[in-house]
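Engineer: Under this note's numbering, residues 5 to 119 are what the sequence shown spells out, in order. We treat Cβ as the ideally placed atom computed from N, Cα and C, and that holds for glycine. Note that this is a predicted model, so its numbers are computed, not measured. Here you go, one structure.
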Amino acid sequence: FYFIGRDRHNIQKAMVEIRSLIVSKLPESADVLAEETSPQYKALMLVAEKRIEDPEFYTDKRSIRQYGLMTIFESLMYESDSFASSNECDWNGVSCDEEKIELVLPNEGMIGTLP
Numbered sequence: 005f006y007f008i009g010r011d012r013h014n015i016q017k018a019m020v021e022i023r024s025l026i027v028s029k030l031p032e033s034a035d036v037l038a039e040e041t042s043p044q045y046k047a048l049m050l051v052a053e054k055r056i057e058d059p060e061f062y063t064d065k066r067s068i069r070q071y072g073l074m075t076i077f078e079s080l081m082y083e084s085d086s087f088a089s090s091n092e093c094d095w096n097g098v099s100c101d102e103e104k105i106e107l108v109l110p111n112e113g114m115i116g117t118l119p
């Protein structure tokens, strides 16, 4: 991931905010969030980008939900065009409401282990 100038600063600021949120709410290590090759770091980066685009929509709750889902998808190397959608409930393989999330992922070339 390469950003320049102001974008880089905004991304880094959002990543620090979300990293603090994740460490406070989930059993996640700050160390793994700093490893640029980890699925957790990649998910953190994607969520930070989305939060910058629309900070009002990407509440703490939504950021945590998308971080968790993106970590799973990154871990399994699951690729989908649906991640462009703002609402994680619209992503392929995801069914959810305000209280729960259900994943139904076909084993189509997915490889990896869950963190």
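Enumerate, from N- to C-terminal direction, the unbroken alpha helix (DSSP H) stretches of 4 or more residues contained entirely within the segment 7-32.
Structural biologist: Segments of the alpha helix (DSSP H) lying fully in the segment 7-32: 9-29.
Engineer: For residue 17 and residue 50, what's the separation of their Cα atoms in angstroms?
Structural biologist: When rounded, the distance between both Cα atoms is 13 Å.
Engineer: For residue 37, is the classification buried or exposed, using 16 other Cβ atoms within 10 angstroms of its Cβ as the cut-off for buried?
Structural biologist: When all chains shown are included, residue 37 counts as buried.
Engineer: Using the Cα positions of residue 32 and residue 64, report the straight-line distance between them to the nearest angstrom.
Structural biologist: Approximately 16 Å, taken between the alpha carbons.
Engineer: On the criterion of 16 or more Cβ atoms from any shown chain inside 10 Å, does residue 98 qualify as buried, or is it exposed?
Structural biologist: Residue 98 is buried by the Cβ-count criterion.
Engineer: Could you pull the start and end residues of the beta strand (DSSP E) that residue 36 belongs to?
Structural biologist: No beta strand (DSSP E) holds residue 36; the alpha helix (DSSP H) holding it covers 34-38.
Engineer: What residue range is occupied by the uninterrupted beta strand (DSSP E) comprising residue 106?
Structural biologist: Counting along the chain, the beta strand (DSSP E) containing residue 106 begins and ends at 105-107.
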